[in-house]
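The structure appears below as structure tokens.
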Amino acid sequence: MAAFEFLRRKGVVDEVGGKVKERIGDLTDNPELQAKGLVQQGKGKARRTVEDVKEAVSDTVDDIKETFEDMNEEGDIQ
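With my numbering as the guide, the letters of the sequence shown map in order to residues 2 to 79.
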């Protein structure tokens with residue numbers, strides 16, 4: 002699951018970087034930089050969400066496999 006965590010952290014970095022850009026845009030009255038910051042924040046949040054979903058699906062698949070293996074060992078599946 003290390004890949005999920007790495008990509009999730011990359012999303013967090015994008016969010017923080019976007020917030021910095023947005024804030025600098027606010028302070029310098031630069032709407033273009035503000036917009037770029039908002040876009041970067043959105044990309045970061047999307048990346049984190051995708052990685053969370055991928056990890057949840059992977060965990061669910063692992064749980065299902067384990068359940069079938071247990072059922073097979075107990076003779077419940079023929």
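For each residue, glycine too, the CB sits at the ideal point set by N, CA and C.
Being a predicted model, the structure only gives us computed values, none of them experimental.
- Task: Using alpha carbons as the reference points, say which of T68, D60 and K11 lies closest to Q41.
- Result: K11
- Throw me the rounded Cβ distance for the K66 and F5 pair, which I believe falls under 8 Å. At roughly 18 Å, the Cβ-Cβ gap does not stay under 8 Å, so K66 and F5 are not in contact.
- Minimum C-alpha distance to V14 - residue among L34, R48, D27 and T61: R48
- Message: Between which two residues does the alpha helix (DSSP H) holding N73 run?
- Response: P32 to E74
- Message: Are the CB atoms of L34 and G45 within a distance shorter than 8 Å?
- Response: no
- Task: Evaluate G38 with the Cβ neighbour count: other Cβ atoms within 10 Å of its Cβ, from every protein chain shown; 16 or more gives buried, anything less gives exposed.
- Result: buried
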